Each structure stands twice: as C-alpha cells, then as structure tokens.
Amino acid sequence: MRIRHISSLLGIALVLAACGDAEWKTIIGSDGYTSAAPENVRIYYRSVGSGDDVVVAPFATLLGTSLDSLAKGRRVVTYDPRGRGRSDSVPPDRVSLDLLLQDLDLVLRTVNRERRTGSVTLIGWSGGGMETFVYAMRNRGKVDRLVQLAPVAPQLDPYGAMMMDDRQRRTDSAALAGLRARRTAGVYADRPEAYCRAEDSVTAPPLFANPAQRPPTPDVCAYPNEYPANLSVYFGALFQSIQGFNYTDSLSRVSIPRLVIHGEKDNTPLEGNEKWILGQPNARLLVIPNAGHWPHYEQPALTLRAIEAFLQGQWPEGSVEKPKP
130 MRIRHISSLL GIALVLAACG DAEWKTIIGS DGYTSAAPEN VRIYYRSVGS
180 GDDVVVAPFA TLLGTSLDSL AKGRRVVTYD PRGRGRSDSV PPDRVSLDLL
230 LQDLDLVLRT VNRERRTGSV TLIGWSGGGM ETFVYAMRNR GKVDRLVQLA
280 PVAPQLDPYG AMMMDDRQRR TDSAALAGLR ARRTAGVYAD RPEAYCRAED
330 SVTAPPLFAN PAQRPPTPDV CAYPNEYPAN LSVYFGALFQ SIQGFNYTDS
380 LSRVSIPRLV IHGEKDNTPL EGNEKWILGQ PNARLLVIPN AGHWPHYEQP
430 ALTLRAIEAF LQGQWPEGSV EKPKP
C-alpha cells in the first residue's frame, strides 16, 4: 500500500553513534536518529511529552503531529523503520516483517532505558496494525495495550484483494492514465519528487471518505524513500515476507487489551477488521463515521478521544465486542 505523507521537522536532527542513557536523556522531547546495529543504520524518531507511560508508533513521517494530543502526562514516540521516511534506506533483500519488528524492538528498548515504571502502548496504523500485533504476540510482557488504527485485515485472502479492488474502483482512471502518459513521455524524467507528488494527487484520494474534502496530511515526497519507484521495490520485498499471512488462529495469543479502529469507508471491508476481535474478550472494534483509511486526520477529535479513553483504561464509547457465533 503506497501512501506518502510527512511531518514537519521540529528541531535539528541528532545523529547518535551509540544509545547510552546519558545521550538519550538529552534528546527526549525532540527528534533525531538512533542507530541500528550491526550496520549502524540510522533510524529516525520523534518524541513529544514526558512521563513513565509511553506510546510508541511506527511511521513518524506518515503520522506527523496527529498523535501529539496524547502526549499529556505521557511520552509519545514515533519513528520510521529502516527504508521508510527519514530513516536510512536498506537493500531490498533485507526488507521483511522481521526487520520491521527489529526496529520496533530497538525503539522500545531505547525508550525503556529511561523508564522505571509505567505502561507501554503500541499504536499501529495501516500495515503497522498487523506489525504491532505480531510484535505483541512474540514479545509477551513488553506491551500493555495495543491500538490497531485502520489496520489491514488479519488474513490476506480474500481481504487484501478486496481492499485493492476498492481502491482501484475509487481511483480516477482518466487522471491515472494521463499521469502514466506524461511519465512515459519523459515529463518527470530526473524529477522523482515532482512525480511523487503528481502520483499522490491521483492515488491518495481513494483512501479518504470524502476525497473532495481531503484533509491536509504530511507531504513525504521530499524524502527519497517515499518516491514511488523506491516504495514499489520496498513493498515488493516486504510482501514476499508476509505472503499468504493469516493471524486469525493466533488472536488469543495476545491477551492484552486491544482497540481496533476502523474508518467507516476504509478500503478494507468492515468484515475484514471484525476478524481482529472475533471471539476475543480483550478486544473491541470502534467504527469511525465519515472516515476512510486516515481516521486520525479525517475525524481527529473522535479518533483521538477514543484512543485517549483507551489509554486511561476505558473502552471508548461506541466500541463493541464480537463474540463467535
């Protein structure tokens, strides 16, 4: 799923060769880079707020400042995994779900160096909803709560194809054909940033409930990792590592509270995301009206209010269980 958007840079980036406690105490509340061994690849992070309770979410460039309201009495840390956003790129043969999980673990371990008490909540948007679920499943005891924000369905077949078909149906085919014709004619030769924005103007609207009133979202096209050609290679490699995935038989292995948030007009059908909570007493689903795949931008007040309630130990109003029939 190719979606490109970015947060504004809040401060000067810091490049850390190591992740000692003293160094991290100087940068909490800012943004910068930490390093992933053994390649010393730089991973971009953004941290706002303070407190022992921490919220960690992948894809800082896509989330922008959308989660900042949660940083009241707690810390919110977003980051870009290797190969995305402002983090360093990696060879395609390194890209996999396991690599994403390694980066998430690195960020959690680094943040936890400063924590003595408090809880850890993961927020996974889009494909990150699956990623964070798998992390919680493989690392029991490290995560206290999980928010799956507009996630992909827990099984690829048939919902992956249904999602892509819906996006194609909503796409302006004439505009897409015109874009491809201009690219073939060389209009965007040596101008990948311009092509990135042009493609985004055609392919992003179908992800929103009301494309004509699409809310402002971060622009990631200044970052080569988000260029369409690079994303195509990245996702091709990533999908090879998760092809045929199906976690429906693994749901009970994650017993922490889980909140699944689904935009009413998301390309993924509701029945697909209902699978995440089916028969799980610890999980609930909240449907956000008049929202597509970006509920935190399309309906920010409702979405963030629900997440805040969940972080405080309450099920948000309107969230439902789905017992097995």
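Here the numbering used here is used: position 11 in the sequence shown is 140, and no number is missing along the way. All C-beta atoms, glycine included, are put in the ideal place defined by N, C-alpha and C. From a predicted model like this one, the values you see are computed outputs, not experimental measurements.
- Approximately 6 Å separates the beta-carbon atoms of residue 250 and residue 440; this is inside 8 Å, confirming the contact.
- Judged by DSSP secondary structure, residue 267 falls outside any beta strand (DSSP E) and instead within the alpha helix (DSSP H) spanning 256-267.
- Residue environment analysis places residue 259 among the buried positions, since at least 16 neighbouring C-beta atoms fall within 10 angstroms of its C-beta.
- Using a 10 angstroms sphere on the CB of residue 169, the tally of other CB atoms stays under 16, which defines it as exposed.
- In the three-state DSSP reduction, residue 413 falls in the strand class (E or B).
- When secondary structure is reduced to three states using DSSP, residue 274 falls in the strand class.
- Nearest to residue 423 by alpha-carbon distance, out of 401, 219 and 277, is 277.
- Annotation: the stretch 193-249 contains the following complete segments of the beta strand (DSSP E) (minimum length 3 residues), in chain order: 204-208.
- Take residue 325, set aside five residues on each side of it, and the residues of its chain with a beta-carbon closer than 7 Å to its own are 133, 350, 355, 356 and 357, in chain order.
- Contact check for residue 206 against residue 240 passes: the beta carbons are separated by less than 8 Å.
- For the 8 Å CB-CB criterion, residue 248 and residue 274 form a contact.
- A contact is defined here as three or more CB-CB pairs under 8 Å, and the stretch 281-294 fails this definition with respect to the stretch 383-391.
- Close CB contacts of residue 177 within its chain, under the 6 Å cut and outside five residues either way in sequence, are with 197, 200 and 205 (chain order).
- Contact annotation: residue 164 and residue 171 have beta-carbon atoms nearer than 8 Å.
- Taking C-alpha positions only, residue 444 is separated from residue 369 by approximately 36 Å.
- Cβ-Cβ distances below 6 Å link residue 328 to 357 in the same chain, with the five nearest sequence neighbours on each side left out; the list follows chain order.
- The stretch 359-376 makes contact with the stretch 214-234: 3 or more CB pairs, one atom from each, lie closer than 8 Å.
- DSSP places residue 288 inside the alpha helix (DSSP H), whose first and last residues are 288-299.
- Bridge pairing for residue 387: 275 and 412 [DSSP].
- Residue burial annotation: residue 232 is buried, with at least 16 other C-beta atoms found within 10 angstroms of its C-beta.
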